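To keep things clear, I will list the structure first and then write my remarks on it.
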Amino acid sequence: MSLITLVALPNEAEAGTKRALLVGVSGYKAPVSALRGPGNDVVLMRQVLPRLGYASANIKVLSDAVPDGGIPTRAAIMAELSRLTAASTEGDEVMVLIAGHGTRQPAKPEDIGLRSVDGLDAIVLPIDIGQWDGAGGTVTNAISNFEIREWLEKLRSRGVFVWLIFDACHSANMTRSALPDDVRFRGVSPETLNIPRSAMEAAQARAPRQRGGTAESSPPMGLDLTRGTKKGDFVAFFAAQSEEEAPERALPPAQSGNKTHGLLTYSIAQAITLNPGASFAQVGQQLLQLYAVAENPHPTPLLTGTGLSRAISGGQTEGKPQWLVQRKDDGKLVLAAGAFHMLTQGTVLALLPNAIAKDKSVIGYAEIATVDGTTSILRPIAYGGKAAPAVSALPEDFSARLVEPRPDLLLHVGRPVLAEGQAGAAIMRQVIAELEISPGRNTQLRWSAPGEANNIRLVVDAGRLWFVSSESELIREGPGQTISVGLDKPIDKLLPLVRDTLAQMGKAINLTRLAAQGYGSGLASANAQVTITSNGRPVRLNDGVVPRVGNGDRLDITLENTGNRPVDFTVLQITPQFGVNVVFPMDGEHNRIDAHGRKRLGARGFQIKGAPGAQAGVERLLVIAVEAEDGAALNDFSFLAQPEVPKTRSDSSFMGRLLMETGFGIPSTRGGSEGQSMDKTWLRVFSWKEQP
Numbered sequence: 001m002s003l004i005t006l007v008a009l010p011n012e013a014e015a016g017t018k019r020a021l022l023v024g025v026s027g028y029k030a031p032v033s034a035l036r037g038p039g040n041d042v043v044l045m046r047q048v049l050p051r052l053g054y055a056s057a058n059i060k061v062l063s064d065a066v067p068d069g070g071i072p073t074r075a076a077i078m079a080e081l082s083r084l085t086a087a088s089t090e091g092d093e094v095m096v097l098i099a100g101h102g103t104r105q106p107a108k109p110e111d112i113g114l115r116s117v118d119g120l121d122a123i124v125l126p127i128d129i130g131q132w133d134g135a136g137g138t139v140t141n142a143i144s145n146f147e148i149r150e151w152l153e154k155l156r157s158r159g160v161f162v163w164l165i166f167d168a169c170h171s172a173n174m175t176r177s178a179l180p181d182d183v184r185f186r187g188v189s190p191e192t193l194n195i196p197r198s199a200m201e202a203a204q205a206r207a208p209r210q211r212g213g214t215a216e217s218s219p220p221m222g223l224d225l226t227r228g229t230k231k232g233d234f235v236a237f238f239a240a241q242s243e244e245e246a247p248e249r250a251l252p253p254a255q256s257g258n259k260t261h262g263l264l265t266y267s268i269a270q271a272i273t274l275n276p277g278a279s280f281a282q283v284g285q286q287l288l289q290l291y292a293v294a295e296n297p298h299p300t301p302l303l304t305g306t307g308l309s310r311a312i313s314g315g316q317t318e319g320k321p322q323w324l325v326q327r328k329d330d331g332k333l334v335l336a337a338g339a340f341h342m343l344t345q346g347t348v349l350a351l352l353p354n355a356i357a358k359d360k361s362v363i364g365y366a367e368i369a370t371v372d373g374t375t376s377i378l379r380p381i382a383y384g385g386k387a388a389p390a391v392s393a394l395p396e397d398f399s400a401r402l403v404e405p406r407p408d409l410l411l412h413v414g415r416p417v418l419a420e421g422q423a424g425a426a427i428m429r430q431v432i433a434e435l436e437i438s439p440g441r442n443t444q445l446r447w448s449a450p451g452e453a454n455n456i457r458l459v460v461d462a463g464r465l466w467f468v469s470s471e472s473e474l475i476r477e478g479p480g481q482t483i484s485v486g487l488d489k490p491i492d493k494l495l496p497l498v499r500d501t502l503a504q505m506g507k508a509i510n511l512t513r514l515a516a517q518g519y520g521s522g523l524a525s526a527n528a529q530v531t532i533t534s535n536g537r538p539v540r541l542n543d544g545v546v547p548r549v550g551n552g553d554r555l556d557i558t559l560e561n562t563g564n565r566p567v568d569f570t571v572l573q574i575t576p577q578f579g580v581n582v583v584f585p586m587d588g589e590h591n592r593i594d595a596h597g598r599k600r601l602g603a604r605g606f607q608i609k610g611a612p613g614a615q616a617g618v619e620r621l622l623v624i625a626v627e628a629e630d631g632a633a634l635n636d637f638s639f640l641a642q643p644e645v646p647k648t649r650s651d652s653s654f655m656g657r658l659l660m661e662t663g664f665g666i667p668s669t670r671g672g673s674e675g676q677s678m679d680k681t682w683l684r685v686f687s688w689k690e691q692p
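Given below as structure tokens:
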């Protein structure tokens, strides 16, 4: 059964033919390590693409791990790229997925400064990849970035729209830290292909010195195709930036029926599912939010191109997510959606006779009782003034439409590895035993064993307990030092410190999760623009970009309401050290923006000083918008920055209840009409990497 079951309606105005090439290389021969996920990526995208208007006959598969796929040799890949060029004409669309290993090799001297800026060429490794050929100055059978660039330029010159997914990494420096057992990286070191280090260093030494600030990063494959005039637009997704590695792992984590996927391909498929009818830019924004809450490890994906405003689907898509339900002979109601679709236990869905039925045709309601990777079991409930429907009275096949999602608030904590006699091990065992019984009223923990996925990994070292987030490695000193507490305290002093630290980290992670899990995407009238000014040049934080900021850079924030009703905005800062600070409103500011209004907040104190002791890492802004009800008080969520809920604070809105539960572990109660309130909320996360 397909993972993607949302309904797409044809768009009569759509012109041109859509063609796709899906390349997944798994069975590499030594010394290149084999991969597990590229074949699954190909299968997943082959399920997604028909929903985007691609006919199955126009989807070509080259994958050694797919039974009906061709073998992804260099010759086969280049032949298929040539075939796409010959077959496509103006108005057509071409999509290419390349999932497998990548690396970098020295650029030829004549190409440095022309085809290559930094002296190195990114290369893709087909299944018949060879070794370094010193005489030819290349790796045998490698596919280089400039070959892909030349192919892409030919298509664009014909007026063809092209979008690419590179689920591989091209870092020349491979590093490995403590990782879950199921994680592999899609990249090999140049040494694995016998590329001499001296050749790499010589090529880089010949490259011209690069100028510019910290706010932009060149595409990992060196595909700088935004210059010049071409008839056709393009969009390219990259799994990681140039110095990062692209992981594959079993997804969704800790779910039955999961399969190994590249994090990029899997997340793109999720983003499309969560954003029916979205533009490429919106998919890129959702991609960043999914990565922001991914369990370790995760790099920074990148989206670039000239066609970001184009809709990724050629058709109009039903606004609310919905899926097929089957009533089995044993009375079970099986929903054709699960953790892949960001569904969780307790999610409420409306039951309708078919996929095109209006909301008013609801038969009844059900909640998700159990969930795995791609399916869930439903349980009928009384909701919205309707009694729980009898299972026997339901059709054999019908549809379920999302009404009230439930956030996943579990903080996955990796147990520390404790050796006998290790300093601090004894008291740490006591702390864990207490946390298993009582993690704290504001925290929900799920413990994971060493080698399993986690949000926070606990490490005992040098007499301290270190809280290592999924976005970083253990850093014992310096600007990016990992949060830690000393273990030289009695249990009654240490336990509250550990509880408070986990609660603070959990709150920051969960606030980001809300946006990633698709909450608050229904209010189309809300918008926010965040701009970084680096070396006098502004760069907008949007469209799948996570820039680097450094000394003297500044942020500028503008909020906008394009609708006909007032909207209340709250802006929170989530720091690399998991602090949650109020940006807007402050000091009694009025946070309601009238219809068709906008408010420029300015830098709001975000002057990147780069001073000694400043914290490096990923920093985020969370923008929350709620449409104001007639006569209602302001929706102001600045209370989330407080360590405890004020006793006088209450909030009856859908978003208010979610945020209370997210930030403070207070369970919300159903009101029975939240389906309407979901359409009146909006969340967006903006991220950047801070460099002291």
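Numbered according to the UniProt record's numbering, the sequence shown terminates at residue 692, and the numbering increases by one at each position without gaps. All residues carry an ideal CB built from backbone N, CA and C; glycine is no exception. This structure is a prediction, so every number in the text was calculated from the model and none was measured.
Alpha-carbon to alpha-carbon, residue j and residue i
i, j, result
"Ser361", "Tyr54", "32 Å"
"Arg554", "Ala278", "30 Å"
"Val61", "Asp182", "26 Å"
"Val546", "Ala382", "44 Å"
"Glu245", "Pro353", "46 Å"
"Ser534", "Asp556", "11 Å"
"Phe87", "Leu502", "Checking the displayed sequence, the identity of residue 87 turns out to be Ala instead of Phe. Cα to Cα, the separation comes out at about 56 Å."
"Ala423", "Glu619", "33 Å"
"Ala34", "Glu452", "21 Å"
"Gly671", "Gly346", "Only weak support exists for where Gly671 lies, its pLDDT of 48 falling under 50; the coordinates are left without a value."
"Gly421", "Met428", "12 Å"
"Leu572", "Ala628", "19 Å"
"Gln577", "Pro496", "18 Å"
"Lys599", "Gly552", "24 Å"
"Gly331", "Asp408", "27 Å"
"Val498", "Asp587", "32 Å"
"Thr681", "Ala75", "50 Å"
"Ala20", "Gly364", "41 Å"
"Glu201", "Phe639", "53 Å"
"Val124", "Ser267", "21 Å"
"Thr374", "Ala337", "5 Å"
"Ala199", "Ile143", "19 Å"
Backbone secondary structure at residue i - three-state DSSP
i, result
"Met95", "strand"
"Lys18", "strand"
"Tyr383", "strand"
"Leu418", "coil"
"Gln322", "strand"
"Thr681", "strand"
"Lys689", "strand"
"Ser218", "Residue placement at Ser218 cannot be trusted, given a pLDDT of 49 that sits under 50; what the coordinates show is reported in the next sentence. DSSP places Ser218 in coil when its eight states are reduced to three."
Limits of the unbroken beta strand (DSSP E) element including residue i
i, result
"Val460", "456-461"
"Glu122", "It should be pointed out that residue 122 corresponds to Ala in this sequence rather than to Glu. From DSSP, the beta strand (DSSP E) with Ala122 extends over 120-124."
"Gln105", "102-106"
"Tyr365", "364-371"
"Ser469", "464-469"
"Lys599", "598-602"
"Ser399", "397-404"
Per DSSP, cross-strand counterpart(s) of residue i
i, result
"Thr533", "Pro538, Arg554"
"residue 694", "No answer is possible for residue 694: the residues shown for the chain start at 1 and end at 692."
"Val293", "DSSP output for Val293 lists no bridge partner at all."
"Ala526", "Asn561"
"Gly70", "Leu62"
"His412", "Arg446"
"Leu302", "Phe238"
Segment limits, alpha helix (DSSP H) that includes residue i
i, result
"Val391", "Segment: none, Val391 is in no alpha helix (DSSP H) and carries neither H nor E."
"Ile59", "Element bounds for Ile59: not the alpha helix (DSSP H) but the beta strand (DSSP E), 59-63."
"Gly39", "38-48"
"Glu619", "Element bounds for Glu619: not the alpha helix (DSSP H) but the beta strand (DSSP E), 617-627."
"Thr89", "Element bounds for Thr89: n/a, residue is neither H nor E."
"Arg429", "425-437"
"Glu201", "197-206"
> Counting only runs that start and end within the stretch 226-286, where is the alpha helix (DSSP H) found for 4 or more residues in a row?
Replying inline: 263-274
>> List, from N- to C-terminal side, the beta strand (DSSP E) runs of 3 residues or more that fit wholly inside the stretch 132-168.
In response: 161-167
>> Please give the ranges of any beta strand (DSSP E) in the stretch 481-511, keeping only runs that are unbroken, at least 3 residues long and fully inside the region.
In response: 483-486
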